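Colleague:
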Amino acid sequence: MPQKTFSPRYLAREARRFLYHFYRSYKDYLVFFGGMFLGILIVALLGRVFYELLNDLRAEKLGAFDDSITLRVLSWKTPFLDWYLSTITHLGDHYAYFILTPLLGLYLYFRKGNLIFTLEALAVLIVAGAISFWLKDLIGRPRPEAVHHLRISTLSFPSGHAMGSIAFYGFLIHLSWRIYKNRLKKIIFTLILTIIILSIGLSRIYLQVHYPSDVLSGFAAGGICLIFFILLFSALRFRLRIKGEDRQPDTATAEEKP
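Put into C-alpha cells, the structure is as follows:
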C-alpha cells in the first residue's frame, strides 16, 4: 500500500490547512504568541530579581536594606493595623487554602459547570508550596530574632506566605478575567485580590516573622510559578482548540472531495 504521509499532495494539503486556519484566526495567533512572549519576559525579570536578592543574601548585603524597611513598617503601628494584618495574614496559611480551594471548586462547578479551573489553581498552589519548602531548606536563612519565641519551625527565605498568596490569589485574578464577562466585576475582583496579596506580604514584615527581602523573593518566586502555569495551561488550551478546529470540515479539504 503506498505511503501518503510525506507525499507532495499530503504536504500541499497540510500547508493549505495551516494557512486556512492562520488567516481565519490570525488574531488568535498574534494574541497567543504575544502573550507567550510577554509572559516569558516577565518570568525572566522576576528570575533576575530573585537571583539578585539571593546573591545579596549570600554576600551579606541585605542587612541594612531589611532593617530600614522593617523599621519604616513598624513605625506605622496602630491598633487597627495590629488587628487587620494579624488577621489577614492567615489567608496565606495552609489551612486557608484547604478551605478556599474546595469552595472555589463548588462555585465553579455549580455556577460554571467546570472543575478544570479548580484543578489548575490546585496545581499552581501545590507546586508553589513544594518549591517554597525546597528553597527554604536549600538556602537555610534563619528567621528574624523577634520570631524566636513563636512556634515556627520553617526557615525564612523566601516567604512561603508571599509565594503562596501570589500563586493562588494571582491565579484567581487570572481566572476572573477568563470566566467573567462584566469588565467592572473583573476590575473589582482584581483590586480585592491584589489588596489581599499585598496585605499578606506586608503582614509578614509587620509581624516580624520575615525580613522584607524574604517577602520580595517570595513574590518573585511565586510570580514565576504563576506565570509559568498560566503559559502552560494557555498553550494546552490553544493546542486543543486548534486540533478541534482541524477536525472540522473546511474549504481546504472540501475542495479535494469528489
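Just so we're aligned, residue 185 is where the sequence shown starts under our numbering, counting upward by one. Each residue gets a CB set at the ideal place from its N, CA and C atoms; glycine is no exception. Owing to the predicted nature of the structure, the values given are computational and were not obtained by experimental measurement.
(1) Looking at the secondary structure, which residues open and close the alpha helix (DSSP H) in which D266 lies?
(2) If you draw a straight line from the C-alpha of T435 to the C-alpha of R193, how long is it?
(3) Using alpha carbons as the reference points, say which of T273, T271, I300 and I272 lies closest to T285.
(4) Mapping DSSP to helix, strand and coil, what is A243?
(5) For the alpha helix (DSSP H) that P286 lies in, which residues bound it at each end?
(6) Return the chain-ordered list of same chain residues with a C-beta closer than 8 Å to the C-beta of K320, the five sequence neighbours on each side being excluded.
(7) Expressed to the nearest angstrom, what Euclidean distance is found between the alpha-carbon atoms of F216 and F422?
(8) Smallest Cα separation from T254: which of I408, Q392, S383 and I379?
(9) Which residues in the same chain have their Cβ closer than 6 Å to the Cβ of M347, if we skip the five residues on either side of it in sequence?
(10) Within its chain, find whatever has a CB closer than 6 Å to the CB of S397; leave out the 5 residues flanking it on each side and keep chain order.
(11) With 16 other CB atoms within 10 Å as the buried threshold, where does S349 fall?
Modeller: So, to answer that:
(1) Within the sequence shown, the letter at position 82 stands for residue 266. Looking at the DSSP string, the run of the alpha helix (DSSP H) that includes D266 is P263 to I272.
(2) Start at 1 with the first residue of the sequence shown, and residue 435 comes out as number 251. Start at 1 with the first residue of the sequence shown, and residue 193 comes out as number 9. Residue placement at T435 cannot be trusted, given a pLDDT of 37 that sits under 50; what the coordinates show is reported in the next sentence. Straight across, the Cα-Cα distance linking T435 with R193 is about 16 Å.
(3) The residue you call residue 285 lines up with position 101 of the sequence shown. It is I300.
(4) Counting from one through the sequence shown, the residue named residue 243 turns up at place 59. Of the three classes helix, strand and coil, the one that applies to A243 here is coil, per DSSP.
(5) Stepping through the sequence shown from its first residue, residue 286 is reached at position 102. H278 to Y291 is the extent of the alpha helix (DSSP H) around P286.
(6) Counted from its first residue, the sequence shown places residue 320 at position 136. Cβ within range, chain order: T338, L339, S340, F341, P342 and G344.
(7) On the sequence shown, position 32 is the one that residue 216 refers to. On the sequence shown, position 238 is the one that residue 422 refers to. Approximately 8 Å between the Cα atoms of the pair.
(8) Your numbering for residue 254 matches position 70 in the sequence shown. Across the set I408, Q392, S383 and I379, the C-alpha of Q392 shows the shortest separation from the C-alpha of T254.
(9) In the sequence shown, counting from the first residue as 1, residue 347 sits at position 163. Result list for M347: A312, S316, G402, A405 and G406, in chain order.
(10) Taking the first residue of the sequence shown as 1, we reach residue 397 at position 213. Counting only Cβ-Cβ distances below 6 Å, and skipping sequence neighbours, we find L237, L246 and D250.
(11) In the sequence shown, counting from the first residue as 1, residue 349 sits at position 165. Buried, since its Cβ has 16 or more Cβ neighbours within 10 Å.
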